[in-house]
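Numbering (this note's numbering), first residue to last: 224 to 768.
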């Protein structure tokens, strides 16, 4: 059991949260929720021991193992994938090496009665007790099982970590965490960079094999599937619900309804008393009553209503000229990098107004196909944009392409043209940018803020073909929902790559699956495709595991 005791954190004299206490039990699966900036990541860092609170403490048993996956990783590039993942057992290997060293010392020493000799005996006994109590494990097999479950192939094991993208490095870090078999796993946005099959594998692990779990995530389906408790951070305090996310939303609305009723009753009570004080102030016969009511109002604790994040993206795609009948046509399209074939002889025809999803494991060619459509890479075969196709393209690294030295306002002002320039502040306000934030430099924005700003840039020009490659990374649940509704209402052509199942559901009528160097067309909704493949994927992963 891990206890959080009276935690308080302040930034620049402002309390982020104060006097927060709760207990994490052995098998709790907790969703840590709250609006952006409420302090979720800060609280997780404090529990992980990587940041200190201004007040209070976190108490955990002496031998408890807490594993933490931060949202942004700092990784080294001096070893292979397998070597990096094997670091999960580093403490065990160090224990074994120290035992071997001490035993060699004891074999050569003859000062059997000395204090130093007795200390070595005590130390090797202590280490032996710990080491031999550890379950007999084939460490190499465990490493391989975890890596393959997270999407790595056997040929990847001996590749340098420097060859992999940030998303794949995050998987290596996640493998290390899972291999430690920790008492508590802390995950800050773990699904941002892993594909749907790996998310399903991770869900299965967290539900059936992990002990305590605390997760911050904007993937509604993921947190509903794995959690049985929700802790909401709001207005400097917490509310603790023994419920998953969907049930918590219902309970929170009930709580707010009670708060609003109590608040209104209190405000009426205050108003009645203020009216009495105003009416009889200076009336000698009522002096005692007036003074009494004034003192009572001074001591009154004002009921607060929990804030609701009502700011939301008001996305409206501007009208655009109609495109030709087939905005995207690919015939016999192949792409290789040296000896590595990404896909071969792919054929694809996307009609005007169609909404399609590209799905498949990471590395199977989804983003490569998009780059081919955009003309960003060389390829064999044919890939053409149709007549009058005006493309709006949101890449995975779109936020990283923003100029860090420009302010939020300058970023938009630089590309806005015509009458739209008079509405820049209104547009930015629709994306939760207002007040002092407009003058904030891009380099100081969070990942979510950069993503929203990149989306503003995309939407300033009318388009009839939208290509979105992982647009929901770093967007909160409300922002994702508004974006989803806007995409449903978009009357142009949509090509969507996303690993977020809840976001995908109901969005596309056709699926292109990237698998085994092929592109397979499925005439079914993404909902039907995901449901059909979920069982098959889990069966395949069980074979791997």
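In this text, a Cβ means the ideal position worked out from N, Cα and C, and glycines have one as well.
**Q.** alpha helix (DSSP H) runs wholly inside the stretch 400-442, at least 4 long, in chain order
**A.** 419-431
Q: Just tell me which of 422, 542 and 515 has its CA closest to the CA of residue 615.
A: For the purposes of this step, residue 615 is taken as the residue at position 392 of the chain shown. Of the candidates 422, 542 and 515, the one whose C-alpha sits nearest the C-alpha of residue 615 is 542.
Q: Leaving aside the five residues before and after residue 307 along the sequence, list all residues of the same chain whose C-beta is less than 6 Å from its C-beta, in chain order.
A: In the chain shown, counting from the first residue as 1, residue 307 sits at position 84. Closer than 6 Å at Cβ, skipping near neighbours: 384 and 395.
Q | Entirely enclosed alpha helix (DSSP H) segments - the stretch 433-507, minimum 4 residues | A | 443-449 and 468-503
Q: With DSSP as the reference, label residue 570 as helix, strand or coil.
A: What you label residue 570 is simply residue 347 of the chain shown in a count that begins at 1. If DSSP states are grouped into helix, strand and coil, residue 570 belongs with the strands.
Q. In angstroms, rounded to a whole number, what distance separates the CA positions of residue 371 and residue 380?
A. The residue you call residue 371 lines up with position 148 of the chain shown. The residue you call residue 380 lines up with position 157 of the chain shown. Going from the Cα of residue 371 to the Cα of residue 380 covers about 9 Å.
Q: Indicate whether residue 304 and residue 240 have their beta-carbon atoms separated by less than 8 Å.
A: For the purposes of this step, residue 304 is identified with residue 81 of the chain shown, where counting begins at 1. For the purposes of this step, residue 240 is identified with residue 17 of the chain shown, where counting begins at 1. In this structure, residue 240 does not lie closer than 8 Å to residue 304 by Cβ.
Q) So does the stretch 453-472 actually touch the stretch 256-268, counting three or more Cβ pairs closer than 8 Å? A) yes
Q) What is the DSSP secondary structure of residue 290, counted as helix, strand or coil? A) Within the chain shown, residue 290 is the residue found at index 67, counting from 1. Looking at residue 290 - three-state DSSP - the assignment turns out to be strand.
(Q) Using the Cβ count rule (16 or more neighbours within 10 Å means buried), how would you classify residue 504? (A) Taking the chain shown and counting its residues from 1, the one referred to as residue 504 is at position 281. By the neighbour-count rule (16 or more Cβ atoms within 10 Å), residue 504 is not buried but exposed.
Q | Coil, strand or helix - residue 231 by DSSP | A | Here the question's residue 231 lines up with position 8 in the chain shown. Looking at residue 231 - three-state DSSP - the assignment turns out to be strand.
Q. Per DSSP, what kind of secondary structure is residue 534 in: helix, strand or coil?
A. Counting from one through the chain shown, the residue named residue 534 turns up at place 311. Confidence is the limiting factor: at residue 534 the pLDDT is only 49, short of 50, which leaves the residue's position unreliable, though a coordinate-based value still follows. Coil at residue 534, not helix or strand.
Q. Would you call the stretch 582-600 and the stretch 641-661 touching, i.e. three or more CB-CB distances under 8 Å?
A. no
Q. With a cut-off of 8 Å, do at least 3 Cβ pairs link the stretch 706-713 to the stretch 662-677?
A. no
Q) Looking at C-alpha atoms only, which residue of 387, 249 and 436 is the closest neighbour of residue 410? A) On the chain shown, position 187 is the one that residue 410 refers to. The shortest Cα separation from residue 410 among 387, 249 and 436 belongs to 436.
**Q.** Candidates 742, 309 and 756, of which the one nearest residue 748 by Cα
**A.** Within the chain shown, residue 748 is the residue found at index 525, counting from 1. Comparing Cα positions, the closest option is 756.
Q: Would you please state the rounded distance, in angstroms, between the beta carbons of residue 242 and residue 261? I believe it to be under 8 Å.
A: Taking the chain shown and counting its residues from 1, one reaches residue 242 at position 19. Taking the chain shown and counting its residues from 1, one reaches residue 261 at position 38. Actually they are not in contact, since the Cβ atoms of residue 242 and residue 261 sit about 16 Å apart, beyond 8 Å.
Q) Under a three-way DSSP split, which group does residue 553 fall into? A) For this step, residue 553 is matched to residue 330 along the chain shown. Looking at residue 553 - three-state DSSP - the assignment turns out to be strand.
Q) When you compare only the Cα positions, how much space is there between residue 235 and residue 722? A) Taking the first residue of the chain shown as position 1, residue 235 is located at position 12. Taking the first residue of the chain shown as position 1, residue 722 is located at position 499. Looking at the two C-alpha atoms, the distance is approximately 38 Å.
**Q.** residue 565 to residue 744 span [Cα, whole Å]
**A.** In the chain shown, counting from the first residue as 1, residue 565 sits at position 342. In the chain shown, counting from the first residue as 1, residue 744 sits at position 521. The alpha-carbon atoms of residue 565 and residue 744 are separated by roughly 17 Å.
Q: Give a yes or no on whether the C-beta atoms belonging to residue 322 and residue 350 are separated by under 8 Å.
A: For this step, residue 322 is matched to residue 99 along the chain shown. For this step, residue 350 is matched to residue 127 along the chain shown. Closer than 8 Å, so yes.
Q) Can you tell which of 309, 365, 513 and 691 has its C-alpha closest to the C-alpha of residue 619? A) Position 396 of the chain shown, counted from the first residue, corresponds to residue 619. Here the closest residue by C-alpha is 691.
(Q) Between which residues of its own chain and residue 627 is the CB-CB distance below 8 Å, once the five residues before and five after are set aside? (A) By one-based count along the chain shown, residue 627 stands at place 404. The residues are 664, 665 and 666.
Q) Distance, Cα to Cα, residue 345 vs residue 463? A) Position 122 of the chain shown, counted from the first residue, corresponds to residue 345. Position 240 of the chain shown, counted from the first residue, corresponds to residue 463. Distance between the alpha carbons of residue 345 and residue 463: 45 Å.
Q.
Does the contact criterion of 3 or more C-beta pairs under 8 Å hold for the stretch 519-530 versus the stretch 489-503?
A. yes
Q) When the Cα atoms are used, what is the spatial distance from residue 246 to residue 231? A) Stepping through the chain shown from its first residue, residue 246 is reached at position 23. Stepping through the chain shown from its first residue, residue 231 is reached at position 8. In a straight line, the C-alpha of residue 246 is about 16 Å away from that of residue 231.
Q: State the Cα-Cα distance for the pair residue 237 and residue 660, rounded to the nearest angstrom.
A: Sequence index remark: in the chain shown, residue 237 carries index 14 (1-based). Sequence index remark: in the chain shown, residue 660 carries index 437 (1-based). If you take the alpha carbons of residue 237 and residue 660, they lie about 18 Å apart.
Q. Smallest Cα separation from residue 630: which of 327, 668, 720 and 476?
A. For this step, residue 630 is matched to residue 407 along the chain shown. Here the closest residue by C-alpha is 668.
Q) Could you give the distance in angstroms between the alpha-carbon of residue 392 and the alpha-carbon of residue 401? A) Counting from 1 along the chain shown, the entry for residue 392 is found at position 169. Counting from 1 along the chain shown, the entry for residue 401 is found at position 178. Distance between the alpha carbons of residue 392 and residue 401 is about 14 Å.
Q | Bridge-paired residues (DSSP) for residue 383 | A | Walking along the chain shown from the start, residue 383 turns up at place 160. Paired residues: 303.
(Q) Here's the rule: buried if 16 or more other CB atoms are within 10 angstroms of the residue's CB, otherwise exposed. What is residue 277? (A) Position 54 of the chain shown, counted from the first residue, corresponds to residue 277. Exposed.
Q. Would DSSP call residue 775 helix, strand or coil?
A. What is shown of the chain runs 224 to 768, which leaves residue 775 out entirely.
Q. Which residues bound the beta strand (DSSP E) around residue 332?
A. To locate residue 332, count along the chain shown from 1; it is residue 109. Unbroken run through residue 332: none, as it is neither H nor E.
Q: To the nearest angstrom, report how far apart residue 426 and residue 327 are at their CA atoms.
A: Locating residue 426 in the chain shown gives position 203, where the first residue counts as 1. Locating residue 327 in the chain shown gives position 104, where the first residue counts as 1. Those two C-alpha atoms are separated by around 45 Å.
Q. Which residues bound the alpha helix (DSSP H) around residue 747?
A. Here the question's residue 747 lines up with position 524 in the chain shown. Taken as a continuous stretch (DSSP letters only), residue 747 belongs to no alpha helix (DSSP H), as it is neither H nor E.
(Q) Between 244, 224, 309 and 320, which has its C-alpha nearest residue 285's C-alpha? (A) Position 62 of the chain shown, counted from the first residue, corresponds to residue 285. Minimum Cα distance to residue 285 is reached at 224.
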